[in-house]
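**Q** Residue numbers (UniProt numbering): 1 to 419.
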Ligand SMILES: [Zn+2]
Ligand SMILES: [Zn+2]
């Protein structure tokens, strides 16, 4: 997609400020959706830079790495997987938004007014609060969102641990805005809102004084990621914490926060991380006799049981002692080096192919994946660790699917242009 606009999207200053929502209406107002920079896609170097910084500062402060390799790579992979649907569609949120705007808008706020920009800022953040709250209170949406909470660590990589399927339900919550706010303004804010939420995933930043009253901060969001009973279903805010204070879902940090799901999944299998809760819900619904209980399994909260209130009783969850140790099986240093190098190569290709060497590189990468899948399938290639067999196969198959969809979407869009 061409990226025209007043902002030089590659500028380090704009990129850095975009990560913290320190960007003015003047430099981020656009008339057409096509002109809106792809802020999230362009943020990859900043994600990597800040993660390295966190690793270094964390090491200097605590004397130990604050990011675990297995967990960190699983999180970053989830981030990459979650963006696969964007290859062949504009993104559910924006597509549905534009549909409603085109047909049902009540009035058109001017795209170049600072007022519209601020209304969109508040509107997106307010809607995000409800998207997020429902993602915790309705089991079938939680099945998607639990991916983000499945890490037992809390660092910048956790921010990237995103769900592949959540966008298929979240779009509906933003539609009221489409009655008055132009899509190009919405397209800016939906991205900047997500980007802001990156830096708050760290334990290295402590109390930020008066900012804690208004903004969602590392301390507030840390509580949101806790599995202690006082943390469950609290602090849903995106940029502002005022929504939680208003709607009674705010909790301040008390005793030590233990991170992750109430029942940890103890695996780094990227497909399992994304999909396990759907399977669990399906199995769970079959254990109930009545149709209504079977349906309520998907609609009520994850802790719900028959005879209990909609969100269940959080005291039924496993008790947190503060002594919990995150799942982090040891593996040899050479194997770690091997995985890091290959992961960086894959990440480089992921970025590079999208930007410059399209489509030849994608076709070559697709061929490479076909060769690996075939060799593994017929036993000519064994994974280094038997336990990694399923993960490796799944990852390569997913990559293949990714490049095939990329090729298809590029072919389709270039044909459309020449028509
Ligand atoms: Zn959440
Ligand atoms: Zn989070």
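Quick reminder that beta carbons are idealized off the backbone N, C-alpha and C, glycines included.
Relative to the C-alpha of residue 342, which residue among 104, 51, 77 and 39 is closest?
**A** 77
**Q** Beta carbon of residue 159: closer than 7 angstroms to some heavy atom of ligand 1?
**A** The answer is no for residue 159.
**Q** Going by beta carbon distance, what residues of the same chain come within less than 7 angstroms of residue 82, once the five residues before and after it are set aside?
**A** 162, 163 and 164
**Q** Taking 7 angstroms as the line, does the beta carbon of residue 201 fall inside it for any heavy atom of ligand 2?
**A** yes
**Q** Cβ-heavy atom distance between residue 132 and ligand 1 below 7 angstroms?
**A** yes
**Q** Secondary structure at residue 21, three-state DSSP: helix, strand or coil?
**A** Taken through DSSP and simplified to helix, strand or coil, residue 21 comes out as coil.
**Q** Suppose contacts are defined by Cβ-Cβ distances below 8 angstroms. Is residue 68 in contact with residue 129 by that definition?
**A** no
**Q** With burial defined as no fewer than 16 other Cβ atoms inside 10 Å of the residue's Cβ, what is the status of residue 310: buried or exposed?
**A** Counting the other CB atoms within 10 Å of its CB gives residue 310 a total below 16, which places it among the exposed residues.
**Q** Quick one: Cα of residue 51 to Cα of residue 286, how far?
**A** The straight-line gap from Cα to Cα measures roughly 43 angstroms.
**Q** For a minimum of 4 consecutive residues, which ranges assigned as the alpha helix (DSSP H) are wholly contained in the UniProt domain "Fatty acid hydroxylase" (118-249)?
**A** 139-149, 156-160, 167-170, 183-199, 211-214, 218-224 and 242-247
**Q** For residue 12 and residue 24, what's the separation of their Cα atoms in angstroms?
**A** Each residue's alpha carbon lies about 16 angstroms from the other.
**Q** Ligand 1 and residue 404: does the residue's C-beta get closer than 7 angstroms to at least one heavy atom of that ligand?
**A** no
**Q** If you reduce the DSSP assignment to three classes, tell me which class residue 268 lands in.
**A** coil
**Q** Can you name, in chain order, every residue of its own chain whose Cβ lies under 7 angstroms from the Cβ of residue 357, other than the five neighbours on each side?
**A** Caution is warranted here: a pLDDT of 49 is assigned to residue 357, below 50, making its placement in the model unreliable, and no coordinate value can be reported.
**Q** Would you identify the three-state DSSP class for residue 30, choosing helix, strand or coil?
**A** The answer is coil: DSSP assigns residue 30 none of H, G, I, E or B.
**Q** According to DSSP, is residue 259 part of a helix, a strand, or is it coil?
**A** In the structure shown, residue 259 sits in a strand (DSSP, three-state: E or B).
**Q** Does residue 32 pass the burial test, meaning 16 or more other C-beta atoms within 10 Å, or should it be called exposed?
**A** exposed
**Q** Indicate the three-state DSSP secondary structure (helix, strand or coil) for residue 84 in the structure shown.
**A** helix
**Q** I'd like to know whether the C-beta atoms of residue 119 and residue 109 end up nearer to each other than 8 angstroms.
**A** yes
**Q** Measuring CB to CB, does residue 239 end up less than 8 angstroms from residue 266?
**A** no
**Q** Over what stretch of residues does the alpha helix (DSSP H) that includes residue 102 continue unbroken?
**A** 92-104 is the span of the alpha helix (DSSP H), which, as asked, contains residue 102.
**Q** Check whether the Cβ atoms of residue 138 and residue 299 lie closer than 8 angstroms to each other.
**A** yes
**Q** At a cut-off of 7 angstroms, is residue 225 close to ligand 2 when judged by its beta-carbon and the heavy atoms of the ligand?
**A** yes
**Q** Among 308, 345, 262 and 402, which has the Cα closest to the Cα of residue 151?
**A** 262
**Q** If you measure between the beta carbons of residue 127 and residue 97, is that distance less than 8 angstroms?
**A** no
**Q** Are residue 283 and residue 259 closer than 8 angstroms when you measure CB to CB?
**A** No, Cβ-Cβ distance for residue 283 and residue 259 is not below 8 angstroms.
**Q** For residue 208, which residues of its own chain have a beta-carbon under 7 angstroms away from its beta-carbon, when the five flanking residues on both sides are left out?
**A** Exclusion of the five residues before and after residue 208 leaves 217 as the residues of its chain whose Cβ lies within less than 7 angstroms of its Cβ.
**Q** Here's a check: name, in chain order, each residue in its chain whose Cβ is nearer than 7 angstroms to the Cβ of residue 403, leaving out the five neighbours to either side.
**A** 362, 365, 366 and 369
**Q** With burial defined as no fewer than 16 other Cβ atoms inside 10 Å of the residue's Cβ, what is the status of residue 297: buried or exposed?
**A** buried
**Q** Can you list, in chain order, the residues of its chain whose CB lies under 6 angstroms from that of residue 220, leaving out five sequence neighbours each side?
**A** Hits under 6 angstroms: 235 and 241.
**Q** Cα separation between residue 336 and residue 198?
**A** 26 angstroms
**Q** If you drop the 5 nearest sequence neighbours on each side, which residues of the same chain put their C-beta closer than 7 angstroms to that of residue 264?
**A** 152 and 327
**Q** Am I right that residue 160 and residue 58 are in contact with their C-beta atoms under 8 angstroms? What's the rounded C-beta distance?
**A** Going by Cβ atoms, the distance from residue 160 to residue 58 rounds to 17 angstroms, so no, they are not a contact pair.
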